[in-house]
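Residue numbers for the sequence shown follow our numbering, beginning at 35 and rising by one.
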Amino acid sequence: MKTGGLQSVGRRREGRFLVRAIIVLFVLGAVLSGCGAEPVAEDERPLVVTTFTVLEDLAARVAGEHLRVVTLAPVGAEIHEWELNPRNFVDLENASLVLYNGYNIEQWMGQARSTAASDVPFVPVAEETGAEPLPIILGDFEGDPDPHLWMNPRIAVQYLEVIRNAFIELDPENTAAYERNTDEAIAELEDLYSELEDTLAVIPDERRVMITSEAAFLYFAEAFDLEHEGIWGTNHEEEGAPDQIKRVIDLVRDSGVGVVFYESTISDRHVRAVAEDTGATVAGPLYVDSVSEPDGEAPDYPAMLRHNARLLAEHLGR
Ligand SMILES: [Zn+2]
35 MKTGGLQSVG
45 RRREGRFLVR
55 AIIVLFVLGA
65 VLSGCGAEPV
75 AEDERPLVVT
85 TFTVLEDLAA
95 RVAGEHLRVV
105 TLAPVGAEIH
115 EWELNPRNFV
125 DLENASLVLY
135 NGYNIEQWMG
145 QARSTAASDV
155 PFVPVAEETG
165 AEPLPIILGD
175 FEGDPDPHLW
185 MNPRIAVQYL
195 EVIRNAFIEL
205 DPENTAAYER
215 NTDEAIAELE
225 DLYSELEDTL
235 AVIPDERRVM
245 ITSEAAFLYF
255 AEAFDLEHEG
265 IWGTNHEEEG
275 APDQIKRVID
285 LVRDSGVGVV
295 FYESTISDRH
305 VRAVAEDTGA
315 TVAGPLYVDS
325 VSEPDGEAPD
335 YPAMLRHNAR
345 LLAEHLGR
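This is how it looks when you write it as structure tokens:
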């Protein structure tokens, strides 16, 4: 009995040694493989591909931690005429869902579509909002639906709802989270709307005129009771032709506001030409087709509109 007892203790010790050795080997293996060239862990969450940074920001708000959200056109890029890069092709091949604005702002959507798997849903968020589009006011595309609907925060609320519905369809298990995230984001945009109204209230009626390069602020102007003009109608036509500049020079003189604005994604040389001829001040940038870098002045959608309203109030207010 005694000997048996000792023997079994010995076996137990031996057993524990074996377990320890296995643990040590396992940990060592994990450490070694972690040090290798292989990525430590693949992100297994479904990939949502958006077409530009504003849509990426709105989508990320709804997704929370449950989905991976990327953008094709990066910060500061020209969304109308973006050219897909190698990274974009990889993302599109791995996409579970593609969110794009629609109303033809992404001139390159055909190529994106043919790159993604055929069963991947493509959701034109602006078109799905049901909001009535405003017509492009001048140029070759005059009368076509203007695509910049997100610039009205009340329509941006509808963007959030379209995105939420697309996410619930993609990943019904996390429905409650998508609903909660959307409600929070909507509440923030509703507060933002009244905040912007207050910021812009310092601008008297006769100075509520914003003149920019691309006439991309129609929805913003309508929401906040401003008049709006641009040198050209949309970025996918000729930009800054002599007759376009001449037309705006006349407008600036007639309006008497004495300020022209440039946008973050467009060269300011066209508004500078207008300013030289009219003596108007050049102000900017305004943000419309892209947010700023994360450490910039307009890193997300609310910050972008807040920045625009402050800049307008500073230059048009009395
Ligand atoms: Zn644009």
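Beta carbons: idealized from backbone N, C-alpha and C, even for Gly.
These numbers were taken from a predicted model, which means no experiment stands behind them.
Closer than 6 Å: residue i CB and nearest ligand 1 heavy atom
i: Glu140; result: no
i: Asp354; result: Lying before the first or after the last residue shown, residue 354 is absent from the chain, which here runs from 35 to 352.
i: Ala219; result: no
i: Glu90; result: no
i: Asn186; result: no
i: Ala190; result: no
i: Glu248; result: yes
i: Asn269; result: yes
Contacts around residue i, its chain only, beta-carbon distance under 7 Å, and the 5 residues preceding and following it disregarded
i: Glu248; result: Gly264, Trp266, Thr268, Asn269, Glu297, Ile300
i: Ala219; result: Arg95, Val96, Leu194
i: Met143; result: Tyr134
i: Ile139; result: Ile113, His114, Pro181
i: Arg188; result: Tyr227, Ala257
i: Asn122; result: Leu106
i: Pro319; result: Tyr296, Glu297, Ser298
i: Glu331; result: His341
i: Pro167; result: Tyr137, Pro179, Asp180, Leu183
Own chain residues within Cβ distance below 6 Å of residue i, not counting five before or after
i: Leu350; result: Ile237, Arg241
i: Val65; result: Confidence at Val65 is low in this model, with a pLDDT of 47, below 50, so the placement of that residue is unreliable and no value is reported for it.
i: Leu361; result: What is shown of the chain runs 35 to 352, which leaves residue 361 out entirely.
i: Val291; result: Arg241, Val243
i: Ser289; result: Val243
i: Ala111; result: none
i: Leu260; result: Arg242, Met244
i: Phe254; result: Met185
i: His304; result: Ser247, Ile265, Gly274
i: Arg352; result: Pro238
i: Ser326; result: Ala332, Pro333
Beta carbon of residue i nearer than 7 Å to that of residue j
i: Thr216; j: Leu194; result: yes
i: Asp91; j: Asp323; result: no
i: Ile279; j: Thr312; result: no
i: Ile197; j: Ala93; result: yes
i: Leu133; j: Val157; result: yes
i: Thr246; j: Phe175; result: no
i: His100; j: Asn208; result: yes
i: Val159; j: Ala129; result: no
i: Ala190; j: Leu234; result: no
i: Pro179; j: Tyr212; result: no
i: Gln145; j: Leu126; result: no
i: Leu131; j: Leu204; result: yes
i: Ala307; j: Val293; result: no
i: Glu310; j: Gly173; result: no
i: Gln192; j: Ala165; result: yes
Own chain, CB closer than 8 Å to residue i, minus 5 neighbours either side, in chain order
i: Arg102; result: Asp77, Arg79, Pro80, Leu81, Val82
i: Pro169; result: Glu176, Gly177, Asp178, Pro179, Asp180
i: Arg287; result: Thr312
i: Pro120; result: none
Residue i: CB within 6 Å of a non-hydrogen atom of ligand 2
i: His349; result: Among the ligands in the structure shown, ligand 2 does not appear; only ligand 1 can be found there.
Discussion item. Would you call the region 274-283 in contact with the region 338-348, where contact means no fewer than 3 C-beta pairs closer than 8 Å?
Written reply: no
Worksheet item: Is it true that the region 99-114 meets the region 82-90, where meeting means three or more beta-carbon pairs spaced less than 8 Å apart?
Response: yes
Item to complete: Could you name each continuous alpha helix (DSSP H) segment of 4 residues or more that falls completely within the region 91-170, going from the start of the chain to the end?
Response: 120-128, 143-149, 159-162
Fill in: Secondary structure, beta strand (DSSP E): runs of 3+ residues fully inside the region 265-324
293-297, 315-320
Worksheet item: Hey, which unbroken runs of the alpha helix (DSSP H) at 4 residues or more fall wholly within the region 158-241?
Response: 159-162, 187-204, 209-234
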